[in-house]
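The number in this note's numbering is simply the position in the sequence shown, starting from 1, with 1 added.
The C-beta atom is built at its ideal place from N, Cα and C for all residues, glycine as well.
In what follows, a single structure is set out as structure tokens and then discussed.
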Amino acid sequence: MWNKTKEGMLPDERRQLQGVRLHKLVERLYHNVPFYRQKLQEAGIMPSDINTIEDIRKLPFTTKQEMRDNYPCGLFAVPRNEIIRIHASSGTTGKPTIVGYTRKDLEVWSECIARSLYAWGVRSSDTVSVAYGYGLFTGGLGFHDGAQHLGATVLPTSTGNTEKHIRLLHDLQVTVLACTPSYALHLYETIIKMGYSMDDFALRIGCFGGEPWTESMRREIEQNMGIKAYNMYGLSEIMGPGVAHECECQNGSHFNEDHFFPEIIDPQTLEVLPDGQKGELVITTLTKEGIPLIRYRTRDLTSLIREQCPCGRTEVRIAPIMGRSDDMLIIRGINVFPSQIESVILDLQAFEPQYQLIVDRKNNLDTLDVLVEVKNGFYSDDLSQMLALKKELHDKLKSVLSINANVQLVEPGSIERSQGKSNRVVDKRVLK
Ligand code: DLL
Numbered sequence: 002m003w004n005k006t007k008e009g010m011l012p013d014e015r016r017q018l019q020g021v022r023l024h025k026l027v028e029r030l031y032h033n034v035p036f037y038r039q040k041l042q043e044a045g046i047m048p049s050d051i052n053t054i055e056d057i058r059k060l061p062f063t064t065k066q067e068m069r070d071n072y073p074c075g076l077f078a079v080p081r082n083e084i085i086r087i088h089a090s091s092g093t094t095g096k097p098t099i100v101g102y103t104r105k106d107l108e109v110w111s112e113c114i115a116r117s118l119y120a121w122g123v124r125s126s127d128t129v130s131v132a133y134g135y136g137l138f139t140g141g142l143g144f145h146d147g148a149q150h151l152g153a154t155v156l157p158t159s160t161g162n163t164e165k166h167i168r169l170l171h172d173l174q175v176t177v178l179a180c181t182p183s184y185a186l187h188l189y190e191t192i193i194k195m196g197y198s199m200d201d202f203a204l205r206i207g208c209f210g211g212e213p214w215t216e217s218m219r220r221e222i223e224q225n226m227g228i229k230a231y232n233m234y235g236l237s238e239i240m241g242p243g244v245a246h247e248c249e250c251q252n253g254s255h256f257n258e259d260h261f262f263p264e265i266i267d268p269q270t271l272e273v274l275p276d277g278q279k280g281e282l283v284i285t286t287l288t289k290e291g292i293p294l295i296r297y298r299t300r301d302l303t304s305l306i307r308e309q310c311p312c313g314r315t316e317v318r319i320a321p322i323m324g325r326s327d328d329m330l331i332i333r334g335i336n337v338f339p340s341q342i343e344s345v346i347l348d349l350q351a352f353e354p355q356y357q358l359i360v361d362r363k364n365n366l367d368t369l370d371v372l373v374e375v376k377n378g379f380y381s382d383d384l385s386q387m388l389a390l391k392k393e394l395h396d397k398l399k400s401v402l403s404i405n406a407n408v409q410l411v412e413p414g415s416i417e418r419s420q421g422k423s424n425r426v427v428d429k430r431v432l433k
């Protein structure tokens, strides 16, 4: 273990530590974040009421909508000069969710990622190609700092330019690959197309996450690429990658419980569910300084595995994410809410509020087709006019969502109207 004291802590000792940290967290939020003070007051809770980790159930939940309502920095719990990094993720409509990190937050982040990499067998002699997106997305810089903290050599490849990436993987004999699992499959196909065999590479370990994947995808990656493929779970609101990670047993992802406290709730009744039952994952950031969150509703569906893991880590595990309790799609690793696309369409005069989103996976890359009806006065046989409209929508979607959608303009009235719930999203991806 990278940090045996924390990862292998006796469960009772850990619960004590979590209780102390929870009390301090509530105190900090009560005094430093007006939104939380009001929320706690409304719930009739004072920091002195929270003393053990079991007291967490007295606390109210936090939602993504509340983060949006406090855009951009209303939930920051420290003065701006203590924030040394900002990342952002998609919000439910146009505005992104902003997250700020203090120096200590970045240290905790690197520590958590180093724990994962170490568990997977990465050592300072390894070279890690970080092929998650760099920038506002937490994947690139998160893995970058963590791998550097461990002492490995980092190759900051980021996304795109697959052939150049493959040549570097080959020429530098890179041993570790970090990217989304679907990108790993695409990379493999390109490797073969370029005439290489996996024997030409030194890859041993894959660090995959950022989107749902299955056991059969894992088998495919492991068999094709001749590597061990491990799961990493995380979300920007809580930190980024590094919230939970598999160990060598590949049987559920250990939660970094000294920093993040997980609960599973029924998304309808909001009742806390017992271990083993499937529900929505709720996370409290026990040590975060920049933007700490109490009982954040992730919308990810999973269950907690409490049984002792043969690896010796005593941290609770989560089962692979089984879906979401909202309509968020993950397309090429980018979180997309249908409502974001709708608001882009409605901002442009030429379109009806009638559209359909078709998501598919071709050559292991996600595709998004946006079919949209053009308003009567705007529909024309003039091809150049139609192409200009199409380009306008494409470019707007690209600037808001950072995604290249295939826009298809259709005649007014041609998208089937539904009798009941509208069926605006058709997700054809079958995760084998
Ligand atoms: O995807 C952070 C990350 C980067 C995790 C790289 C792992 C590796 P967001 O963009 O905020 O952050 O998206 C978070 O992605 O709520 C899940 O729905 C989904 N997700 C992330 N990891 C996994 C995973 C990053 N291993 C959202 N399995 C989360 C399934 C995942 N879903």
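Residue i vs residue j beta-carbon contact at 8 Å
i: R300; j: P61; result: no
i: K229; j: G253; result: no
i: G140; j: G211; result: yes
i: F256; j: I319; result: yes
i: A179; j: A132; result: yes
i: L294; j: E238; result: yes
i: L287; j: L107; result: no
i: I332; j: D367; result: yes
i: G291; j: A89; result: no
i: I85; j: V100; result: no
i: I266; j: V273; result: yes
i: L358; j: I342; result: yes
beta-carbon residue i near the ligand DLL non-hydrogen atom, thresh 7 Å
i: I331; result: yes
i: E247; result: no
i: R325; result: yes
i: S90; result: yes
i: S197; result: The sequence given here has Tyr at residue 197, not Ser. Answer for Y197: no, Cβ out of range of the ligand DLL.
i: E212; result: yes
i: I54; result: no
i: M218; result: no
i: G414; result: no
i: I99; result: no
i: D200; result: no
i: S183; result: no
i: I284; result: no
i: T299; result: yes
i: P242; result: yes
i: T63; result: no
i: Y234; result: yes
i: N336; result: yes
i: I322; result: yes
i: T215; result: no
Residues near residue i in its chain [Cβ-Cβ closer than 7 Å; skip 5 each side]
i: L347; result: P354
i: A351; result: V375, K376, F379, L390
i: R219; result: A230
i: G75; result: F36
Nearest neighbour of residue i, chosen from the options [CA to CA]
i: I416; options: K363, C250, V373; result: V373
i: A185; options: R168, L151, Q149, N225; result: N225
i: H187; options: V175, L173, T160, A203; result: T160
i: L33; options: E308, P48, G20; result: In the sequence on display, residue 33 carries Asn and not Leu. Among E308, P48, G20, the Cα nearest to that of N33 belongs to P48.
i: L369; options: R425, I57, R298; result: R425
i: K363; options: E190, G9, I284, F36; result: E190
i: D428; options: Q42, E55, P339, F138; result: P339
i: V337; options: V375, K399, I266, Q149; result: K399
i: C113; options: Y102, R86, F144; result: F144
i: I222; options: N71, T6, S344, M199; result: M199
i: L282; options: P263, Q39, P413; result: P263
i: T163; options: G134, T154, A148; result: G134
i: V371; options: G122, E316, Q409, I192; result: Q409
i: D361; options: R430, C310, I404, I266; result: R430
i: E8; options: D382, E343, A406, D259; result: D259
i: Q251; options: L271, D201, K289, P311; result: P311
i: V413; options: I404, K397, S381; result: For the sequence presented, residue 413 should be read as Pro rather than Val. Nearest option by C-alpha distance: S381.
i: M68; options: D56, K96, I306; result: K96
i: L18; options: T53, N4, S217; result: T53
i: L384; options: T6, I322, V411, S403; result: V411
i: Q278; options: E247, P321, S183, L236; result: P321
Cβ of residue i within 8 Å of any chain D Cβ
i: R318; result: As a matter of chain content, chain D is missing from the structure shown, which is built from one protein chain.
Same chain, Cβ closer than 6 Å to residue i, five either side skipped, listed in chain order
i: A44; result: P61
i: Q269; result: none
i: H150; result: S111, A115
i: R104; result: I85
i: L137; result: H88, A89
Residues near residue i in its chain [Cβ-Cβ closer than 8 Å; skip 5 each side]
i: L156; result: T128, V129, S130, V131, L169, L173, V175
i: R325; result: R300, D301, L302
i: Y197; result: I167, H171
i: Q39; result: none
Do three or more CB pairs link the stretch 109–127 to the stretch 237–245 at distances below 8 Å? yes
Counting Cβ pairs, one atom from each stretch, are 3 or more of them under 8 Å apart for the stretch 4–14 and the stretch 23–37? no
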